[in-house]
Each structure stands twice: as C-alpha cells, then as structure tokens.
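Comments concern the structure below.
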Amino acid sequence: MRHPKAFDLRALEVFIAVAETSSMTAAGERLGMTQSAVSQSVSALEDGMGVALVDRTVRPLALTGPGKILAERAANILSEADVTIDHVRNAADTIPPFLSIAMIDSFVAAVGPHLFETFGKIAEHCRVWSGLSPMLSDHFASRRVDIIVTTGDSVPENLAHMSYDLLIEPYLLAVPATYKGPIDDLGLLVDQHEIIRFSERSNIGRDIERHLRRLRLQPPHRMEFDFSDSVLSMVGGGAGWAIATPLCCLQSATYLPGIRLAPLPGPGLTRRISLLVRDPQFSESARLIADTSIGVLKDLLLPQIAEMAPWCAGQIVIDPSKPTLTELS
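If you want our numbering, it's the 1-based position in the sequence shown plus 33.
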C-alpha cells in the first residue's frame, strides 16, 4: 500500500505532540520547532490523508473524529518503531545463535584447534563439517553450511559473496624412510614401486591424477584412500609411495617418522585453499576466521613445515591475495 504524502514517523510525532498539548505553540516548544513548522507539518499530514485532523475553530485545539483515531494508532506506531530501532541496534552487538562451517580434513586438523576461541566470538553455537571437498561443496551450494574452507575451484564463483585465499602449498613426494632408491624420476617410481593413491572422490586425488596424466604416467590402480591418515600410514608402513601436501603431512604427523619427504620430481603442482562465505550477514565472521587462520599458518604451522621439510617452506604462499568480493547475481 502506498502511504499518503507527508505520512512518516516525524509527522506522527508532531501530531501526537499537538494532540497531547492541544496547542501548536506548546507542541513546538516540546519538539524544539517553531509554531509555524508544527502547523505546516499538521497541514501537510491532513492534505496527504485527505481529512481534517484538528478543529482549529475552538480553543484550545481539539481533534476531529479522524484525528482521534490517528492519535490513538499513531502512538502505537511510534512505540513499535522505538522497539524496532532498539532491536536493530542491539543486533549489532550480538552474535548469531548458529553458524555452520565446512572445512577440508587437512585444514581442520592443522588449523581447527587454533580457531576454538574465534568460533566462540562469531556464534553461540558452531557446527563444523569436515570431509571430502566435493561433499562439502554440495553442502555449501544447498545452504547447509554458511562458510566453507576448500580447495581449487570446487565452489562456483556465483555462489560466494566473499572469498579469501588463505594458502597455496606445493605437492610433495612421500616415500618410506627405508627406501634408498632414486627420488628424482617419477617415471621410475611408477614403474618400480607401488603408488598409494588419494581417491578421485577427493579434490587432491583428482589433482594428482590429472598431473600424472599430463606426464603420461599410468600407474596401476591397486590401493586408494579418501584421507591423508590412510595414505600416509601405508607409506610409513613401507607399502608404497604417495604424492601429498605439507598440510596433509601435518595432519598425519604420527606417521612421519617412517616417511621421507622430498620435492615432487618434474613440473611443480600446487593447490590453493580458500575460504568462501555465502551470505553477507556472515562476512564479518568469515573475516575473523580468515585472519585467525592466516596468523596460525604464518606463526605456528609454517615453522613446523620448515622443520619437517626445509626445502618446502619457501614454496608456500600464505595470504596470497586480498579478499575479493563477488556479489550474488
């Protein structure tokens, strides 16, 4: 419904003052307005509504029938407006009751424990999903999660209101510590030793398979697993070699004593880890998670990676770019 001209909260406030004081002059004194400005406001309200609200032929001023109805309802309107304003202002000082976040396993294992305090600042209750990137991306697309930390381009750009690039890390070679053969020729490894694969149900598995195909390498499919712990436990146990990333190795640090890490032979391969938020209302929460994560990666995890694989630390890029906004269409 289209409201009449001059029908707004300020006009109603002026009218209520006139109704309560029965005087244009007294209403002006209460509101800090001139008598003329009060009179003009009431006249404009009357013109907009098409009815007389005040009987100006009597002293003190009296309300007409329509004026009495408006005075009664206007008081309720102003009261509700005050309550609404308070609620809106108070909302800025409160945190959402619930926030759902999805993170790939290697990230939540390495960074997640350091985000505990941040989770308490952004929501009364946080639910953190972990698992394979494609599954998490489906949850993000279907709005089952509000914020996601994932790899590559697994989430279409048009689904994200804001994205933060957190980390670019190289893929590396993991062989059993007992292995004494050459590690500078991926073809020899493929021909002579068993590869322990990440399954193509995961983004990391798909990355590795594409890389092997580009190199025209076709190792047989014998053993593949969804998660880092399974892959690196097999390598640590001497069952074969694998391609992994520094975060995967940190996640599976228990098995590292039985593993030798080395640069990936031939062309390099990297993966990008990004944080994306679906709705603008969670932008500040996403920023806090991104800032905390970047700090943890720089101050805590990068030194651990440098100790684990010194040659690898210089290939890691943390906070590779500033946040980029993609407005939802």
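Heads up, the beta-carbon is just placed ideally off N, CA and C, and yes, glycines get one too.
When the options are compared against residue i, the one with the closest alpha-carbon
| i | options | result |
| --- | --- | --- |
| R247 | I201, L335, L302 | L302 |
| F40 | S112, L78, W344, A286 | L78 |
| V188 | T67, R255, I155, S307 | S307 |
| L103 | I49, I237, R249, R177 | I49 |
| A142 | L334, H254, K154, E257 | L334 |
| R63 | Q73, S74, R43, V47 | V47 |
| P353 | P336, P343, E340, D324 | D324 |
| G271 | I228, G153, F131 | I228 |
| F152 | S72, F315, V350 | F315 |
| D251 | L265, R43, P290, Q225 | The question names Asp, but residue 251 is Gln in the sequence shown. Per the Cα distances, Q225. |
| G291 | E242, V264, R305, P313 | V264 |
| N236 | T278, V268, D115 | T278 |
| H147 | I338, P99, I322 | I322 |
| G83 | V71, P99, Q73 | P99 |
| R305 | L200, Y288, C281 | L200 |
| Q284 | M267, C159, I241, D262 | D262 |
Reduced DSSP category for residue i - H, G, I as helix; E, B as strand; rest coil
| i | result |
| --- | --- |
| T184 | strand |
| T359 | Bear in mind that the predicted position of T359 carries a pLDDT of just 44, short of 50, making it unreliable; the figure below should be weighed with that in mind. If DSSP states are grouped into helix, strand and coil, T359 belongs with coil. |
| E202 | strand |
| A210 | coil |
| T90 | coil |
| E46 | helix |
| G164 | strand |
| M57 | helix |
| H172 | helix |
| V71 | helix |
| V84 | coil |
| V350 | strand |
| W344 | helix |
| S326 | helix |
| S235 | coil |
| I241 | helix |
| V51 | helix |
| R177 | coil |
| G220 | helix |
| P336 | helix |
Bridge partner(s) assigned by DSSP for residue i
| i | result |
| --- | --- |
| W274 | I228 |
| H158 | F131 |
beta-carbon residue i near the ligand ZN non-hydrogen atom, thresh 7 Å
| i | result |
| --- | --- |
| T117 | Questions concerning the ligand ZN fall outside what the structure shown contains, since it holds no ligand whatsoever. |
Legend entry - Complete alpha helix (DSSP H) runs within the region 96–155 (minimum length 4 residues, chain order): 98–124, 138–143, 149–155
Inset, instruction - Report yes or no: do the region 201–215 and the region 158–178 share at least 3 C-beta pairs separated by less than 8 Å? - result: no
Inset, instruction - Would you check if there are 3 or more beta carbon pairs closer than 8 Å linking the region 87–96 to the region 46–63? - result: yes
Legend entry - Complete beta strand (DSSP E) runs within the region 247–320 (minimum length 3 residues, chain order): 256–258, 275–277, 292–296, 303–310
Inset, instruction - Report yes or no: do the region 130–148 and the region 180–199 share at least 3 C-beta pairs separated by less than 8 Å? - result: yes
Legend entry - Given 8 Å, three or more beta-carbon pairs between the region 290–299 and the region 190–197: no
Inset, instruction - Would you be able to state if there are at least three C-beta pairs under 8 Å between the region 320–335 and the region 167–177? - result: no
Inset, instruction - Taking 8 Å as the threshold, find out whether the region 63–76 comes into contact with the region 105–115 through three or more Cβ pairs. - result: no
Inset, instruction - Please confirm if the region 262–278 is in contact with the region 227–245, defined as three or more CB-CB distances below 8 Å between the two stretches. - result: yes
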